[in-house]
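Enquirer: If you scroll down you'll find the structure; I have some questions about it.
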Amino acid sequence: MRGTSPCAPGRHALWTTSAGSGPTEAVSTTKALSSRHGAYEVLAALRDRIETTPWRGERGRTALRVLRAHLTFAEIAGGPLHHASERQTAEEAGISRTTLRAVYDTVLKPQGWLRRLRVGHGREGSTWYLDYGSAPSSHGAPAPLSRLRTTQFPP
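Numbering (my numbering) for the sequence shown: 72 to 226.
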């Protein structure tokens, strides 16, 4: 069972529960969507951000294909929270499941573009959440904030 609980004005938490065991893990705070129209605006902004991000190299282009597949599923679901199996996603993106897992683990998850909230079993797909990610650089990796990691700051 999924539910929401207010945690701050305009924000809510998502969680998954097992039958009768209560909330097991707070997974994230997400933007509260007031209507289906609001959800489509969020998805349109996500699509714009994804399409304007420079996805360099083979891994970056593959990550873009995976995100486009998840955007398709999210649009059908009516918001960034959606369900899809690895098989469905790999087929939609035109890649193997092994490649899908590698891109998720090395690019999409670490950079905050895509989160798997619950792993699917049997005929039930996993629960995913599309997010805005962090500022990209080469290969879709976040740009390092070098000025924050140095002892020399500009005057």
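Just so it is clear, CB atoms sit at the ideal spot from N, CA and C, and this is done for glycine as well.
If you draw a straight line from the alpha carbon of residue 196 to that of residue 157, how long is it in whole angstroms?
Expert: The count along the sequence shown starts at 1 and reaches residue 196 at position 125. The count along the sequence shown starts at 1 and reaches residue 157 at position 86. Each residue's Cα considered, the two are about 8 Å apart.
Enquirer: Count the other CB atoms, across all protein chains shown, that sit within 10 Å of the CB of residue 115; report buried if there are 16 or more and exposed otherwise.
Expert: Indexing the sequence shown from 1 puts residue 115 at position 44. With fewer than 16 other Cβ atoms within 10 Å, it is exposed.
Enquirer: Quick one: residues in its chain with C-beta nearer than 7 Å to the C-beta of residue 163, no 5 flanking neighbours on either side, listed in chain order?
Expert: On the sequence shown, residue 163 is found 92 positions in, with the first residue counted as 1. These residues qualify, in order along the chain: 140 and 143.
Enquirer: Between the Cα of residue 112 and those of 165, 172 and 150, spot the shortest distance and give me the residue it belongs to.
Expert: In the sequence shown, the residue the question calls residue 112 occupies position 41. Looking at the Cα atoms, 150 is the closest of the given residues.
Enquirer: With DSSP collapsed to three states, give me the class of residue 183.
Expert: Residue mapping note: residue 183 aligns to position 112 of the sequence shown, counting from 1. If DSSP states are grouped into helix, strand and coil, residue 183 belongs with coil.
Enquirer: Tell me where the beta strand (DSSP E) around residue 154 begins and ends.
Expert: Residue 154 sits at position 83 when you count from the first residue of the sequence shown. Its beta strand (DSSP E) spans residues 152-155.
Enquirer: If you follow the alpha helix (DSSP H) that residue 170 is in, where does it begin and where does it stop?
Expert: Here residue 170 corresponds to residue number 99 of the sequence shown, with the count starting at 1. Its alpha helix (DSSP H) spans residues 168-174.
Enquirer: Quick one, which of 202, 187, 205 and 155 has its alpha-carbon nearest residue 194's?
Expert: To locate residue 194, count along the sequence shown from 1; it is residue 123. Out of 202, 187, 205 and 155, 155 has the C-alpha closest to the C-alpha of residue 194.
Enquirer: Could you tell me the distance, in whole angstroms, from the CA atom of residue 135 to the CA atom of residue 189?
Expert: One-based indexing of the sequence shown puts residue 135 at position 64. One-based indexing of the sequence shown puts residue 189 at position 118. Cα-Cα distance, rounded: 22 Å.
Enquirer: State the Cα-Cα distance for the pair residue 175 and residue 185, rounded to the nearest angstrom.
Expert: To locate residue 175, count along the sequence shown from 1; it is residue 104. To locate residue 185, count along the sequence shown from 1; it is residue 114. Taking the straight line joining both Cα atoms gives about 8 Å.
Enquirer: Got a sec, what are the start and stop residues for the alpha helix (DSSP H) residue 198 sits in?
Expert: Taking the first residue of the sequence shown as 1, we reach residue 198 at position 127. Careful: residue 198 lies outside any alpha helix (DSSP H), inside the beta strand (DSSP E) at 197-201.
Enquirer: Apart from the five residues just before and just after residue 198, which ones in its own chain have a Cβ nearer than 6 Å to its Cβ?
Expert: Here residue 198 refers to the residue found at position 127 when the sequence shown is read from its first residue. Excluding residues within five positions, the ones whose Cβ falls inside 6 Å are 154, 188 and 189.
Enquirer: Residue 189 by DSSP, collapsed to three states: which one?
Expert: Here residue 189 refers to the residue found at position 118 when the sequence shown is read from its first residue. Strand at residue 189.
Enquirer: Label residue 121 either buried or exposed according to how many other C-beta atoms from any shown protein chain fall within 10 Å of its C-beta, with 16 as the threshold for buried.
Expert: Locating residue 121 in the sequence shown gives position 50, where the first residue counts as 1. Classification of residue 121: buried, given that the 10 Å Cβ count is 16 or more.
Enquirer: Just tell me which of 203, 204, 177 and 160 has its CA closest to the CA of residue 191.
Expert: As a working note, residue 191 is residue 120 in the sequence shown. Comparing Cα-Cα distances from residue 191 to each of 203, 204, 177 and 160, the minimum goes to 160.
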